[in-house]
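Numbering (the working numbering), first residue to last: 132 to 585. C-beta atoms are modelled at their ideal positions from N, C-alpha and C, and glycine is treated no differently. Below is one structure, written out as structure tokens, with a few remarks after it.
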Amino acid sequence: MSLSPTIVRQYDIRGTYLKNLFEKDAYFFGHSFGSWMKDVKKKTVVIGCDGRYSSPILKEKLIQGLMSVGAHVIDVDAVPTPFVYYAVQTYPTDAGIMVTGSHNPKDDNGFKITLKERPFFGKDLEKLQNQNIDVCHSGRLETYDVVAPYIEMIKSMFKVPLNCRVVFDTGNGIVGPFIKKIAPIMVTDPHFLYTDVDGNFPNHAPDPSDQDAMVNLQKEVKNIQADLGIAFDGDGDRFGVVTGHGDLLGGDELGFLLACSLLSSIPSPTCLFDIKTSAGILDTLKHHGAKVLLSPSGHSLIKEKMKQMNADFAGEVSGHFFFKSHFSFDDGLYAACHFLKHCYPINVTIPKAFSTPEIRIPYPEEDKFHIIERIKSRLSEGQFIGIDGIRFESDTGWWLIRASHTQAVLSLRFEGCSSHFLTKIIADFLELLKNETELLNILQEICPQFFNHI
132 MSLSPTIVRQ YDIRGTYLKN LFEKDAYFFG HSFGSWMKDV KKKTVVIGCD
182 GRYSSPILKE KLIQGLMSVG AHVIDVDAVP TPFVYYAVQT YPTDAGIMVT
232 GSHNPKDDNG FKITLKERPF FGKDLEKLQN QNIDVCHSGR LETYDVVAPY
282 IEMIKSMFKV PLNCRVVFDT GNGIVGPFIK KIAPIMVTDP HFLYTDVDGN
332 FPNHAPDPSD QDAMVNLQKE VKNIQADLGI AFDGDGDRFG VVTGHGDLLG
382 GDELGFLLAC SLLSSIPSPT CLFDIKTSAG ILDTLKHHGA KVLLSPSGHS
432 LIKEKMKQMN ADFAGEVSGH FFFKSHFSFD DGLYAACHFL KHCYPINVTI
482 PKAFSTPEIR IPYPEEDKFH IIERIKSRLS EGQFIGIDGI RFESDTGWWL
532 IRASHTQAVL SLRFEGCSSH FLTKIIADFL ELLKNETELL NILQEICPQF
582 FNHI
């Protein structure tokens with residue numbers, strides 16, 4: 132038995148329940164991962180799950196698979212992903228697995244894996260397909276309340292809650308029950324949207340990087356004259372912000388503010404940003420003394436790079452933020468707390484960029500990486516940064532195209548030194564695609580503005 136290659140992704144295991152992800156896959160993964168742990172002298176693993184309807188049964192089968200090879204399983208129940216990470220780092224354990232589909236559609240689900248000392252992804256996941264399975268042993272199962280120590284950690288950050296009105300939108304994800312306990316620690320006047328856990332996500336997608344998913348939060352901030360709005364994704368490892376004026380802060384703008392907050396306490400902090408980040412933000416942080424590096428997108432890749440570079444902070448446009456002071460893992464709740472304590476009120480000028488948001492377009496899974504290679508072949512070596520897709524830079528701006536490692540999606544972004552140059556950057560990119568009829572047709576349908584003004 133093995134897992135379908137379509138669900139073994141770069142950062143995690145992810146598929147569509149009852150389409151290419153089944154209960155037997157959860158059992159096999161637990162069986163295989165537990166055998167691997169035994170081979171490398173590890174034994175104890177923390178398990179949690181999100182609020183999707185398929186998560187409890189997948190978690191149950193995962194635990195059965197782990198215990199069948201003698202693993203010691205610590206079940207922390209239905210909690211946000213960062214709670215699993217926190218338990219791994221603060222409790223005597225070796226690894227953690229979170230059953231979650233994150234921000235993906237309601238029928239998607241999968242497994243995020245971490246070791247205590249490093250992320251577990253890429254070739255680690257591939258090796259599990261050929262893992263020698265241990266003979267059957269009886270494992271051990273116990274439960275652990277990670278919620279109480281996590282909330283105490285948040286309390287240690289705030290001696291007194293901030294005197295402000297904040298709307299918290301959890302999008303019916305797993306963060307809902309916990310934000311009601313944590314928000315009063317942070318602010319004096321918390322308000323809430325969609326905190327009931329509902330795996331159908333009836334109100335909007337659980338994704339703060341999706342502008343459509345933030346519309347209701349923007350309206351509520353304006354309606355009650357709140358100071359801020361804060362949204363979380365389905366499993367709580369990302370967050371987004373709406374200002375008191377109802378404006379969205381981009382993920383790289385949030386990353387800029389969080390990085391700036393370190394400048395007063397850390398001389399020349401090392402900050403990683405993913406390949407989608409605005410050039411103006413990178414340049415401004417360099418000007419203020421930060422050491423700034425680009426990284427491929429993806430939470431596992433960034434965690435690995437942070438350890439390699441001993442970085443103080445990392446940020447992704449998608450809303451993942453990582454602090455060395457907080458075990459270098461992505462925790463949307465902790466990042467939101469840090470933002471409220473150190474970045475609000477906002478008194479730093481965010482560099483103005485003539486840019487598009489990240490544009491995510493559906494594209495066939497079987498061809499999404501091939502098209503990146505075809506476009507690369509039309510460019511000269513040295514013209515672009517190729518660590519994750521293609522980031523083509525010039526004196527007047529840059530464009531990016533990359534293939535998602537988690538979905539059948541291509542991700543694009545464009546930025547120019549002015550609106551005129553932004554238009555030119557887009558036009559040059561479209562010219563490069565003149566032989567890619569399928570992609571051009573998709574862009575014409577999804578982003579007609581690209582073509583209307585060129």
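Closest Cα partner of residue i within the set the options
i	options	result
Ser459	Leu246, Met437 and Val297	Met437
Asp368	Val306, Leu394, Ser550 and Cys295	Val306
Phe545	Gln514, Gln349, Ala484 and Val215	Ala484
Ala362	Glu504, Asn303, Ser486 and Pro493	Asn303
Pro398	Gly330, Phe444, Leu471 and Leu563	Phe444
Met317	Lys286, Cys180, Pro308 and Asp341	Lys286
Arg145	Pro427, Ile228, Leu541 and Leu543	Ile228
Val230	Gly365, Lys555, Thr224 and Ile313	Gly365
Ser449	Lys237, Gly371, Ile556 and Pro493	Gly371
Lys407	Gly429, Tyr158 and Leu394	Gly429
Leu432	His376, Tyr142 and Phe214	Tyr142
Gln466	Thr480, Gly446 and Asn478	Correcting the residue type first, residue 466 is Ala in the shown sequence and not Gln. Of the candidates Thr480, Gly446 and Asn478, the one whose C-alpha sits nearest the C-alpha of Ala466 is Gly446.
Val328	Tyr184, Ser395 and Thr537	Tyr184
Asn240	Gln349, Ile481 and Thr537	Thr537
Leu393	Thr568, Gly382, Ala442 and Gly377	Ala442
Thr245	Glu435, Glu384 and Asp338	Glu435
Gly375	Asp358, Phe387 and Ala390	Asp358
Phe159	Gln514, Asp378 and Val139	Val139
Thr301	Phe289, Ala314 and Val291	Ala314
Ile264	Pro308, Val200 and Ile506	Val200
His474	Leu388, Ala157, Asp405 and Ile503	Looking at the sequence itself, residue 474 is Cys, so the reference to His does not match. With distances taken between Cα atoms, Cys474 lies closest to Leu388.
Where the beta strand (DSSP E) containing residue i begins and where it ends
i	result
Phe164	Counting along the chain, Phe164 falls outside any beta strand (DSSP E), though it belongs to the alpha helix (DSSP H) covering Glu154 to Asp170.
Cys295	Leu293 to Asp300
Glu273	Arg271 to Thr274
Phe453	Phe452 to Phe454
Ala362	Leu359 to Phe363
Pro493	Ile490 to Pro493
Ala445	Phe444 to Gly446
Pro321	Val318 to Leu324
Phe370	Phe370 to Thr374
Ile305	Where Ile305 is concerned, there is no enclosing beta strand (DSSP E), given that its DSSP letter is neither H nor E.
Thr147	Ile144 to Thr147
N-terminal and C-terminal residue of the alpha helix (DSSP H) that residue i is part of
i	result
Pro187	Ser186 to Met198
Asn566	Here Asn566 belongs to no alpha helix (DSSP H), and DSSP marks it neither H nor E.
Glu283	Val278 to Met288
Cys468	Gly463 to His473
Leu348	Val346 to Asn354
Phe582	Pro579 to Asn583
Contact set for residue i: own chain, Cβ-Cβ below 8 Å, skip 5 residues either direction
i	result
Ile355	Arg296, Val298 and His322
Tyr222	Val177, Ile205, Tyr275 and Val277
Cut-off 7 Å between Cβ atoms - residues of its own chain near residue i, not counting five sequence neighbours on either side
i	result
Ala202	Gly165, Met168, Lys174, Val176 and Gly270
Leu272	Ile194, Met198, Val204 and Asp206
Tyr217	Val277 and Tyr281
Gly330	Gly182, Arg183, Tyr184 and Lys237
Ser396	none
Pro187	Cys180
Length of the line joining the Cα atoms of residue i and residue j
i	j	result
Asp414	Leu134	44 Å
Ala209	Leu510	48 Å
Leu324	Val352	11 Å
Val346	Leu571	28 Å
Asp498	Gly360	38 Å
His419	Gly463	26 Å
Ile310	Val423	32 Å
Ala336	Gly182	14 Å
Ile573	Ile492	8 Å
Pro579	Thr487	14 Å
Glu489	Asn583	19 Å
Phe452	Gly411	19 Å
Arg249	Lys555	42 Å
Leu471	Leu385	12 Å
Gln342	Glu567	28 Å
Leu553	Lys350	30 Å
Thr527	Ile481	19 Å
Leu293	Leu563	51 Å
Glu153	Leu541	One point to set straight first is that residue 153 is Phe, not Glu, in the sequence displayed. Near 26 Å, if we compare the C-alpha coordinates of Leu541 and Phe153.
Cys391	Leu416	7 Å
Trp529	Val373	26 Å
Beta carbon proximity, residue i to chain B, threshold 8 Å
i	result
His430	The structure shown contains no chain B, having only a single protein chain.
Near the ligand PLP: residue i beta-carbon under 7 Å from a heavy atom
i	result
Arg249	What this structure holds is no ligand at all, so the ligand PLP is not there to describe.
Close-in-space but distant-in-sequence residues of the same chain around residue i (CB under 6 Å, 5 per side omitted)
i	result
Ile516	Arg522
Ser163	Leu259 and Gln262
Gly161	Leu193, Gly196 and Leu197
What are the complete alpha helix (DSSP H) segments, minimum 4 residues, inside the segment 188-259? Counting whole runs of 4 or more residues, the segment 188-259 contains the alpha helix (DSSP H) stretches 212-221 and 254-259.
What ranges does the beta strand (DSSP E) occupy inside the segment 385-431, keeping only unbroken runs of at least 3 residues that lie completely in it? If we require 3 residues or more, the beta strand (DSSP E) runs fully inside the segment 385-431 come out as 401-405 and 422-426.
As an exercise, report each continuous alpha helix (DSSP H) stretch of at least 4 residues that is fully enclosed by the segment 496-567, in chain order. Fully enclosed alpha helix (DSSP H) runs of 4 or longer: 499-507 and 550-563.
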